[in-house]
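Have a look at the structure below, then the notes.
Protein chains in written order, with the working numbering: chain A, 1 to 253; chain B, 1001 to 1378; chain C, 2001 to 2291; chain D, 3001 to 3311.
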């Protein structure tokens, strides 16, 4: 198991957003989390990357108990993520956004950053090349030099993915990567997720688009009112009467 | 040939005429805005008024005066920049200004290096002690004010004194001087409180003073609205000990702001404040009455001793230029240093190589507020 | 309670009431626009200066006060219309600089329109100190306290009982939602600037008999009002009042029992401590960030 | 862009003396340079890391007084005093920054403002050591009998320090650290998600900006030979922030231009006498209303747009 969450709970005021959720993500799989609006999907994701601290339960990543770590230590442990409501660094160019994602692998001392010795200049060139390759990987190479605030919505979603990949995560949490995209763009995201998985990166996917989920996932977790409703292979889950009642039934209309 | 000679002579004559009309440049840097605006504003007005008057009367040594004046806003760094501008760019012959001690002290190294006579309008002792070759000043020092006040207190049988001071340069400097000279004048400081710039209520500090055992007199070192608020709070708390203000509030405005609360308050000040009520025999009467009338008829506002400092500064400079026979800087400086018996708004000025202010304690009058006006304490 | 302590408390409450009025002005504008209006202190100055000018020109005090509040309100509306609205989408820092520019401009104008002297208003009902438990206070202090209470009550009524008031609260919670509900955000901004200018002017008139007024009193009062608003939790009305009173009491007790030279330092140390250790402000309203 | 910009700045510094006719104009140029040093550093914090400070005059004042007091009262060699003052202020900023930088937005503004005021009050009150509100004299910079004095010499010193500061700033902005700052400014959660520790990077920006303020403060003190607490005041903090925002946040050259314009403007406005304040306020407001991004970024964009058009 790459990631294990045990008995994870989080309350906001009187509302239990996530209650005693168990989750085990196997290395090399695409593991989806679905559920109706307000089911607690994004809260669970925020727990899994340290933005929220759980009220109860623990999170083990690889061999390491990461419960209570600040977000940036989740990242350095190897968990990356994208955001449903875009969190692009609009004050930087497209390429710089991806280069910023490489911080963990290009960290340098303050003195070096100020004086820019040849070693750092070399590292910068390498980082630039790698960021360019990632942009090619997500299909944004022609935007590399542009300011990021001029990009169309669909491109920004892929930019988030490229930036997350630059941190070389072992586990990538994708929060509704296809939300707001048209069918063509959604297919491209579908392809992209598969290619990410092929690189050996484990993916946890929160998504509303059922077709996408069913196509790319090996396992699906269904949340409802903050609780685990069902878990299993996509085909099995989609047949679960409870799931159909709580979620798919509504969605199908 | 003849024509050419005529032409040459004409040019020469013209040149000498221009020479004669080359104006005398007076440089001023004053706190016209900022926290010390109440000093700089009347100083600026006084300088403008008297430069105009002197020019209308034909100038000095047949040359017009030209005033270059900048607002240093109580900021020492601005003062520095403007002093450089006055010396280097405007090429002034003499400097008058520095409304505050901070501005003055920032200018001192520059005028010493450039060797320009400089008459400061600020109060602190450090300006003239130790003596600086090119630096003079017109107002009484804060130390003299402390001495005058302490002597008056002792004469009334008060030796245990409480201080309450503002946070400004004038306030802090006077407080420090008073602490220094207290024991030499037979008084003991038993309480030492402060208030900040812009404070609106000082009853907490005064309550502390009120509850300090044995306080026989209270002295407020400060200027601006602070002392008026202190005065009101003093009466509100019903403190009975005699109350003294500094020469920093020597204007009618203080009495007006404080209202009835100011009754009985004493302070040392120049005779200017009681110009009209001076006995006719007083040698200073003419100069202070004239200045007061000129200023008040022109600006429709009450005269203050601060404008008087600027008047004295300008007149000392003019007097020195006359005696030096021109604007040679070294000669002007020597003339300033040898000023004797000059009667100004602050008192009789007798300068010397050891004393670049030339005033003594007799120039200070102890005044008391009576029925909403200043009255001389006999 | 010793007479000394009573006197310190009275001094603190007087100071605090003034800070509270200024802080309320900050809170109202912040609520409607998320702008910190660094020109808030200038409204206090305009209130005091205009009132003294009107009194000097022969108007009776109540009329002069009303005219001064009206004048300040106009200035507030103009500030919103001419400076804040055109820059609605600018960054926080840019807006701060705009309001600082406005405060310099207003101070400059005041020194031109009026003068650079210190002015005073006559006390509303005399200068005779009133004794309370061995301490004394001036009748004007009661005016300050009374008017503050009335102003706060009127504001409460306005925000909870009138449509415009509720609209302002709605806008403060969510601009977009308010607009969808048909509330004119622009009008709400105008009203809130006018209102907080009027409040500032009221404070300026109330304190002019106690602590006088001049063209540059706005700087310090604005600063203290901002500190009080922050101490109480930005955008909270009750917080602004609590913050103002707390700041006044800290200053008075600090000056009385510790050191008068360092009373402002104590005040700011306590504010820093509150910011760092009480992340929700005195009124517990400091919003958490949502992702 | 940044290399070309640096070359232009170096050229301006090298050629400006041709236009400086006397010691007064040199003085203005020196003050511009000193303010620019502070602004370039402050811009790292405000423009790049996105953290506001309304108290940097406090660090300026601590640097100035620290160096002045060590040199004047304790007889330290001025260069040692200057270096210790800058190091000491950096350490203070590091200690204070840790708790204070947890605050955001207006709360951070208030906290830094409070810190600045505390410094200003202490400097004005402890007159035994600092000379009080009237200020204190500061010995000139120098080694043994060789003393650095005179406007022309100081022009080159300040010019060199400014160029060095700009060079270091440009380097760090275009390094992983600079990107980490900008990431924090863009989105703090997203920055956390790629492994950037917000507390650590805000602190480095805070300490570097404090150090540049302290350096400029110490240089100012030794250059002018006199220092007053006004340089540590709230108003000076506001002046510094205004220069940064006026010139353009997140633009190093903007910070220099902002410092240059707002330092020389009051000197040019002296002819307006009593209208000076009104004009200054109006210029600030109009610039910020019509160029909310500041002067240099707005001009850069206009220039880029004009270049694109002809094609």
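Glycine is no exception: its CB is placed at the ideal position from the N, C-alpha and C atoms.
All figures in this text were calculated on a predicted structure; none of them were measured in a lab.
Query	Result
If distances are taken between C-alpha atoms only, which option among D:3170, D:3228, D:3126 comes closest to residue 3138 (chain D)?	D:3228
With distances taken from CA atoms, which of C:2174, C:2164, C:2094 is nearest residue 2192 (chain C)?	C:2164
Taking 6 Å as the limit between beta carbons, can you name the residues of its chain near residue 252 (chain A), skipping five residues before and five after?	With a pLDDT of 41 at residue 252 (chain A), under the threshold of 50, the modelled position of this residue cannot be trusted, and the question is left open.
By the criterion of Cβ-Cβ separation under 7 Å, what are the contact partners of residue 2336 (chain C) in chain B?	What the structure shows of chain C is the stretch from 2001 to 2291, and residue 2336 (chain C) is not part of that stretch, so it cannot be assessed.
Could you list which residues in chain C have their beta carbon closer than 7 Å to that of residue 1228 (chain B), in chain order?	2212
Tell me which residues of the stretch 1187-1205 of chain B have at least one Cβ-Cβ distance to chain D shorter than 7 Å, keeping chain order.	none
If the cut-off is 9 Å on Cβ atoms, which residues from the stretch 3229-3263 of chain D count as contacting chain C, listed in chain order?	3234, 3235, 3238, 3241, 3242, 3244, 3245, 3246, 3249
Touch check for the stretch 1106-1116 of chain B and the stretch 1125-1134 of chain B: three-plus C-beta pairs under 8 Å?	yes
Since residue 2171 (chain C) and residue 2027 (chain C) are thought to touch, with beta carbons under 8 Å apart, how far apart are those beta carbons, to the nearest angstrom?	Not really, about 14 Å apart at Cβ, beyond 8 Å.
Taking the alpha helix (DSSP H) that residue 244 (chain A) belongs to, which residues open and close that run?	From DSSP, residue 244 (chain A) is part of no alpha helix (DSSP H); its letter is neither H nor E.
Is the CB-CB distance between residue 1190 (chain B) and residue 1158 (chain B) below 8 Å?	no
Under 8 Å, do residue 1081 (chain B) and residue 1104 (chain B) count as touching if we go by C-beta distance?	no
Across which residues does DSSP place residue 1366 (chain B) in a beta bridge pair?	B:1268
Excluding the 5 residues preceding and the 5 following residue 1353 (chain B) in the sequence, name in chain order all residues of the same chain whose CB lies nearer than 8 Å to its CB.	1131, 1337
On the three-state DSSP scale, how would you describe residue 2256 (chain C)?	helix
Residues of the stretch 3185-3203 of chain D in Cβ contact with chain A at a cutoff of 7 Å, in chain order, please.	3185, 3186, 3187, 3189, 3190, 3192, 3193, 3194, 3195, 3196, 3197
Under 7 Å between beta-carbons, which chain D residues line up against residue 106 (chain A)? List them in chain order, please.	3176
Measuring CB to CB, does residue 2023 (chain C) end up less than 8 Å from residue 2240 (chain C)?	yes
Taking Cβ positions, are residue 2071 (chain C) and residue 2046 (chain C) nearer each other than 8 Å?	yes
Using Cβ-Cβ distances below 9 Å, what residues of the stretch 123-137 of chain A are close to chain D?	123, 124, 127
Show which residues of chain C have a CB atom less than 8 Å away from the CB atom of residue 1238 (chain B).	2129, 2136
Is there a Cβ of chain D sitting closer than 8 Å to that of residue 2262 (chain C), yes or no?	yes
If you reduce the DSSP assignment to three classes, tell me which class residue 1205 (chain B) lands in.	helix
In or out: residue 2089 (chain C) buried (at least 16 other Cβ within 10 Å) or exposed?	exposed
Against residue 2207 (chain C), what residues of chain B qualify as contacts under a CB-to-CB distance less than 7 Å, listed in chain order?	1200
With H, G and I counted as helix, E and B as strand and the rest as coil, what does DSSP make of residue 2157 (chain C)?	helix
Could you check where the beta strand (DSSP E) with residue 1071 (chain B) kicks off and where it finishes?	1065-1071
Can you list, in chain order, the residues of the stretch 2049-2074 of chain C whose Cβ is nearer than 9 Å to any Cβ on chain B?	none
Once you ignore the five residues that flank residue 3270 (chain D) on each side, which residues in its own chain have a CB closer than 8 Å to its CB?	3276
Three or more beta-carbon pairs under 8 Å between the stretch 3191-3204 of chain D and the stretch 3098-3113 of chain D, yes or no?	yes
Whole-angstrom Cβ separation of residue 148 (chain A) and residue 90 (chain A), contact assumed at under 8 Å?	6 Å
Going by C-alpha to C-alpha distance, which of B:1273, B:1315, B:1330 sits closest to residue 1363 (chain B)?	B:1273
Which bits of chain A does residue 3003 (chain D) rub up against, with CB to CB less than 7 Å?	Near residue 3003 (chain D) there are no residues of chain A at all, since even the closest Cβ is about 12 Å away, more than 7 Å.
Helix, strand or coil, according to DSSP, for residue 1223 (chain B) in the structure here?	coil
Only counting the same chain, and skipping five residues up and downstream in sequence, which positions put a Cβ closer than 7 Å to that of residue 242 (chain A)?	229, 230
Would the beta-carbon of residue 2237 (chain C) fall within 8 Å of that of residue 2138 (chain C)?	no
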